[in-house]
Structures are given as structure tokens and as C-alpha cells.
Amino acid sequence: MSEQATVLEPLRPTAQPSVIAPQALHYEIEQFLYLEAALLDEWRFREWLELIADDISYVLLTNTQALTRDRRRSVQPPLTYIFNEDKFQLERRVARLETGMAWSEEPPSRTRHFVSNVRILKHDAQTVELSCNYLIHRASKQQDIYSFVGTCQDKLRRTSNGAGWEVYSRELALDEFVLQAPNISILF
Amino acid sequence: MDDKLQVRPMVDAKNGQVTPEIYTDEAIYQLELERVFGRSWLFLAHESLIPKAGDFFTTFMGEDPVVVVRQKDGSVEAYLNQCRHRGMRLCHADSGNTKAFTCAYHGWAFGLDGGLTSVPLEEEAYRNKLDKSRWGLTRVPRITLYKGLVFGNWDANAPALEDYMGDMAWYLDGFLDRREGGTEVVGGIHKWTIECNWKLAAEQFCSDQYHAPYTHASAVQVLQASPANKADGKPLGEGQTPRPVWADALGGVQFSGNGHGSAFFFTEKPDANVWVDGEVSSYFRDTYPEAEQRLGKVRALRLAGHNTLFPTLSWLNGTQTLRIWHPKGPNKIEVWAFCICDRDAPVEVKDALIRSHARAFGPAGFLEQDDSENWVEVQKVLRGYKARQAEFCIQMGMGFEERRQDGIPGLTNYTFAETAARGFYQHWANMMSAENWSEINDLSAADQQEGV
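Just so you know, the protein sequences line up as chains A and B, in that order.
Quick note on UniProt numbering: the first sequence kicks off at 1 and runs consecutively.
Quick note on UniProt numbering: the second sequence kicks off at 1 and runs consecutively.
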């Protein structure tokens, strides 16, 4: 009997009676997420990497079309990774962009990362778990426009890197079923 | 012969030229749906996706949606995914398990065998006059299973799958038959859209090793083994080739036959390419003796290179990506990429292969990104009238074809060649202009004589 590959699970639900974090903490976390977005949009990828922990797990899975009837009895088509990155691999993606020969990003595309619906799910003195939605608008080549919409669950920890926080886990979901873009050459 | 759209003059395989109108013209595309996709053996599914009775998998044959269904007796059938009443799409899930397919429009229900089993208000509205035996699902008349892959063909007069594959079966076996127990699909299926003609993608995987060093230069620079990339010089574990196989290989071969194509390099060690995880490469080394016993040295050592089974099934050895290029109009395709693993591989190898496959050839893959970008830009340029008239050059290695004496079958050339592209387009022109398979076969036989 052959063994099955490990089954990849979709993002778990996060909605719960609010954990109302102190307003100052909420503000601080939002500002951190906006800083990250701005660094990516300004092509300052090395500075962005400094906000990413060395033990980062950065995952984006595909999604599938399954009927409610099948979902109820856990008959669901399997998922796979679009991103499954550690720090080394994220750094290699940045290095790829720096070669000047990453053709899907030559000339570089213009992205705008929007972050919204930030909810702090858990927090203590050192860490924060949050959920947010993202919308990434990508304008590429002369007139190609792609958008990526989904949700994100982050785990942050306090550091002394200047920004005050680093991301050590990022789990992403993308709402599209069949991707409408020819490739994903940007960072989320 | 009925070359009603005059496509034969657009393909001049003998002189290594094609007119790019073949990638853009709507009338040509509609004829492709009829004459290429309506008569070729098309990949439908891997058997491992539908192991149990009632398991189904939805896909396309050309633009026709079909549902592939495991029967109670273990056989596989496929039907047009269309209710016979008023044409509604019958099944909306990617895959699942069911006892029946019930149409969401008026509730007609069909059994696993495609028969119409239940019609709402049959007595009151149809007065029991509907002959249900006449309104079963439209069945794909030819289904053949080959080493785990399920193929379908609409044409009752098409040759048997094995004859259709010809020498390409030898290359496909090298991918599917390395170990006892065969293969399975691991993980989910990547699906994405590329705005290009299906032939650009299919032909590249058929014939174009030449693009790799330049198109994929950035991926090679950042993933190849070097202290600059990672202090120990081994970015992704132990045992991969230090550089892409194409950079260090000892010669190689390209194959062309019946519109299919394949190419690879000769290597000394059964090591996978530099961007595959160490666990995967180690697995190939550990299982090499079994693979050599089953396949012989040349195919057992082959853990890289590209392949297309005409028209739209492609795969890459070593990274184990198998993909179908579903046509969606002359200017668009939907890519479905499956990760293929030996069924008896250990869990950690399957998991590592899923990661490796996504890293290299998922939609965000280090290599995949570059390919789609090329095809999209070619297609955009072809919006121009002049651009559509300017012939493309497919002359590489022309006249240097040979038939080898070492057991590698078919018409061959050096790896970097466009022999398989010439064969691909000539076969395409034959299918587009022939009225039936008997004519296609005659044309193919004549091409073989002339070494196209």
C-alpha cells in the first residue's frame, strides 16, 4: 500500500468575538503592515526582507471548486503550493529580480499593496497574530493590469530591527480559482 | 484533402518557416477545435485522481467540457459535461464523488454510466412519452488508459492510442514507468491563464531546449550551487546537479515523430536539476537501479528535458510537471499543471516533490514565470498586420536529422534543434487539411519518407 503525500489544509476560519487589542497596539501593527506594503511597492525589496524573520514560513495555497455536499463529508480536491518559502527562498526571489533578467519583471511592474480589515486575533507582550485582507494591483508592461485579492494570517514578533516587529509566519489565501495572471512574479 | 482555409502554405517545414497567422486567426482556431481537438487523443485525467467508483474529474477536450467518471466495474468513461435537455453545464466541481449527476437547471439526472435516470414531472409534464434511453449523456466514444493516464478521442476512426503515440511511447514510458507500481498525482493542480495561442506553449515543450539558457538566466543565476548563493554552496540540499543539466551535459538528443517531440541531454549520474529539493534528487539516485532495470540506462538517467504529446500534453522529467494546455480561443490558454510521482515513493519524497514542483514550475515558479512572459509578448506583437505576415524561423539543425543505431528511436537530431517543431507544425497542417485519419496517415507516411 503506497503512502499518501501530506494533505495541505486551507486557511482555518478566524472570525470570533472580538479580541479588542489596545488601540496603540492596533495602530502600531497597522503601521507596520503599511510600511511593508510601501517597501514592496517602492521596489525596496532588501529593506522589506529585513522585516521578515529568519524562521519565516510564507505559504500561499491554491483553492478548488467543491460542492457543499462534498465539503460536508470532506471530499475535497487536493491543494498545492503557489508559495512555500523560507527566508533563503524569499531572498533568492529578490536576488532574481536584481539580475535584470527576470523577464516577467522587466521592465519592473508597478504594484500597489492595499491592506484592510486588520483584526488582531491574539497578542501578548512579544507576539501578535492577526488577520487582514489584501488587494494587490499590478500594472505591468505597457497596459497589463492584474489584481490579486485574498486574505492573510500573519504572526509577528517584537524585534529591535527599527520597525519594531518582524513577520515569522504568513499564510495567504487567494480568492481566484483559475489565476487570471500569466504568472506571479511579485511578493505578497 | 480539403485545405479549405489554405493552411498548408502557412507551414513550410521543408524550408523551416511558419506564417504566424496560424496563431491568431479565429477561423483557423475554429477548424482546430474540429480537426485537431476533435480527432486527436487528448489527456483527460490520471487514474489516481478517480480511484473509487463514482469518483469524477472535470476537464476539457479542446473547448468542450467533459466529466471523467470511474464506473462501478472499475472502468473509466467520459461524457460531455452538458445536460441533454437544454445544454446546461452538468457538473461544476473540479472533482468529487457522486452517485448521479443532476442538472441544476430543471433537475434531469444521469447515472454514472451516462444514462438518463430521472426526469422531474415525467408523468405529469411529459405524459410518460419521453424516451429516456435516447437522451443519455454524450459519451466520449474512445477511452484508453495508458500507464495511469486516461486519454479520450472523439473520432471513432482514429488509430489506437499506441499507434498514435508511435515512438513517443518510448519517451513517455521513461517518465511513467521508472518503478513497479506506476505513478500518481501528488498535491493539487495548478490552474492559470496565459494570453497566448496554445501552439506556442505546446511547441516549446515539443522542441525548444534552445530557450532555456537565456529565458531562464535569472533562475539559474540565483538557484545554481555556489557559495555566493548559500555559504555551503548547496542551496536546496544534497545531490542535485550543480548547474542546470543543459550547462554541463555530454551531448544529447531531440526526437520528432507524428507531431510529438522530446529532447534531453546525456548525463553520467541520475541527479535531478539544481532547483529540485535534495530529497527528490536522492530518491532518484536511490531508485536508479530499479529504473535502469526497467528502462535501460539512457532513460533511467534522464531526469531533465522536455516533451509534448501532440497536441497539448507536455511534461518535464525530473521536476515531474505534467501539464495540459487547454485552448480558450486563438489568443488564450488555461494551463493545468499536475505533479507526477512514483506511487511507491516515501511520503517525505512526495512532499518534497510537491514543493520542488511549485518552486520551479508553479505559476510563481522561478522558471515558469519567464516562459509565460515570452508567449504573452509574442501574442501581443501578433496583433499587428505586418507582424502576422512575417514568417517565423524554425530552421535550427535542418538537414542534420538522423536515425540512431543505439536504440533511441525515431527521427532525431542534436538537443538544440527545431526538428520536432518542424514535425509538430507539419503534423498540425496535415490534420488541418486532411478529411479523415486515413488521409492523415498517408500524409504522415510521406513526411517520414522525406525526414520531416
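Think of the CB as a built atom: it goes at the ideal place given N, C-alpha and C, for glycine as much as any other residue.
Since this is a predicted model, take the numbers as computed values, not measurements.
Residue i, DSSP secondary structure in three states
{"i": "B/Pro65", "result": "strand"}
{"i": "B/Thr267", "result": "coil"}
{"i": "B/Phe424", "result": "helix"}
{"i": "B/Leu80", "result": "strand"}
{"i": "B/Arg89", "result": "coil"}
{"i": "B/Gln254", "result": "strand"}
{"i": "A/Ala24", "result": "helix"}
{"i": "B/Phe37", "result": "coil"}
{"i": "B/Gly399", "result": "coil"}
{"i": "B/Ala45", "result": "strand"}
{"i": "residue 189 of chain A", "result": "Because chain A here runs from 1 to 188, residue 189 of chain A falls outside it and cannot be looked at."}
{"i": "B/Ser226", "result": "coil"}
{"i": "B/Phe56", "result": "strand"}
{"i": "B/Lys191", "result": "strand"}
{"i": "B/Ala146", "result": "Per the sequence shown, the amino acid found at residue 146 of chain B is Tyr instead of Ala. B/Tyr146 falls in the strand class under three-state DSSP."}
{"i": "B/Ile408", "result": "coil"}
{"i": "B/Val220", "result": "helix"}
{"i": "B/Arg139", "result": "strand"}
{"i": "B/Asn197", "result": "coil"}
{"i": "B/Arg70", "result": "strand"}
{"i": "B/Ser433", "result": "helix"}
{"i": "B/Thr117", "result": "strand"}
{"i": "B/Leu207", "result": "The sequence given here places Ser at residue 207 of chain B; Leu does not occur at that position. B/Ser207: helix per DSSP, three-state reduction."}
{"i": "B/Leu236", "result": "coil"}
{"i": "B/Ser95", "result": "strand"}
{"i": "B/Asn413", "result": "strand"}
{"i": "B/Val276", "result": "coil"}
{"i": "B/Lys386", "result": "helix"}
{"i": "B/Gln293", "result": "helix"}
Buried or exposed by the 16-neighbour rule on C-beta atoms within 10 Å, applied to residue i
{"i": "A/Arg44", "result": "exposed"}
{"i": "B/Ala304", "result": "buried"}
{"i": "A/Ala15", "result": "exposed"}
{"i": "B/Phe400", "result": "exposed"}
{"i": "A/Ile145", "result": "exposed"}
{"i": "A/Ala125", "result": "exposed"}
{"i": "B/Met1", "result": "exposed"}
{"i": "B/Val452", "result": "buried"}
{"i": "B/Asp370", "result": "buried"}
{"i": "A/Tyr27", "result": "exposed"}
{"i": "A/Arg71", "result": "exposed"}
{"i": "B/Val274", "result": "buried"}
{"i": "B/Lys269", "result": "exposed"}
{"i": "B/Gly365", "result": "buried"}
{"i": "A/Val7", "result": "exposed"}
{"i": "B/Lys52", "result": "exposed"}
{"i": "B/Asp94", "result": "buried"}
{"i": "A/Val19", "result": "exposed"}
{"i": "B/Val66", "result": "buried"}
{"i": "B/Gly393", "result": "A small fix is needed here, since residue 393 of chain B is Cys in this sequence, not Gly. Flag for B/Cys393 reads exposed."}
{"i": "B/Ser281", "result": "buried"}
{"i": "A/Phe83", "result": "buried"}
{"i": "B/Val276", "result": "buried"}
{"i": "B/Asn258", "result": "buried"}
Bridge-paired residues (DSSP) for residue i
{"i": "B/Val18", "result": "B/Val11 and B/Phe392"}
{"i": "A/Thr6", "result": "Its beta-bridge partners do not exist; DSSP assigns none."}
{"i": "B/Ala100", "result": "B/Gly111"}
{"i": "B/Tyr283", "result": "DSSP lists no partner for B/Tyr283."}
{"i": "B/Leu313", "result": "B/Leu309 and B/Ile324"}
{"i": "A/Phe114", "result": "A/Leu135"}
{"i": "B/Glu184", "result": "B/Cys341"}
{"i": "A/Leu179", "result": "B/Trp192"}
{"i": "A/Glu129", "result": "A/Lys122 and A/Lys155"}
{"i": "B/Phe151", "result": "B/Phe43 and B/Thr144"}
{"i": "B/His260", "result": "B/Gly257"}
{"i": "A/Leu174", "result": "A/Gly150"}
Contact test: residue i Cβ vs the ligand MN heavy atom, cutoff 8 Å
{"i": "B/Val66", "result": "Absent from the structure shown: the ligand MN. Ligands present: none."}
Task: beta strand (DSSP E) runs contained entirely in the region 32-102 of chain A, provided each spans 3 or more residues - done: 52-61 and 81-85
Task: Meets three-Cβ-pair contact criterion under 8 Å: the region 108-117 of chain B and the region 74-85 of chain B - done: yes
TODO: Entirely within the region 133-166 of chain A and at least 3 residues each: give me those beta strand (DSSP E) ranges in chain order.
DONE: Within the region 133-166 of chain A, the complete beta strand (DSSP E) runs of at least 3 residues are 144-158.
TODO: Jot down the residue ranges of each uninterrupted beta strand (DSSP E) in the region 317-372 of chain B, minimum 3 residues, whole runs only, in chain order.
DONE: If one requires a minimum length of 3 residues, the beta strand (DSSP E) runs lying completely within the region 317-372 of chain B are 321-327 and 333-342, in chain order.
TODO: Pair every Cβ in the region 239-247 of chain B with every Cβ in the region 217-224 of chain B, then say whether three or more of these pairs are closer than 8 Å.
DONE: yes
- [ ] Decide if the region 40-59 of chain B is in contact with the region 442-452 of chain B; the criterion is three or more beta carbon pairs, one per stretch, under 8 Å apart.
- [x] no
TODO: Please confirm if the region 105-113 of chain A is in contact with the region 55-66 of chain A, defined as three or more CB-CB distances below 8 Å between the two stretches.
DONE: No, the region 105-113 of chain A is not in contact with the region 55-66 of chain A.
TODO: Assess, as a yes-or-no matter, whether the region 158-173 of chain A is touched by the region 205-218 of chain B under the definition of 3 or more beta carbon pairs within less than 8 Å.
DONE: no
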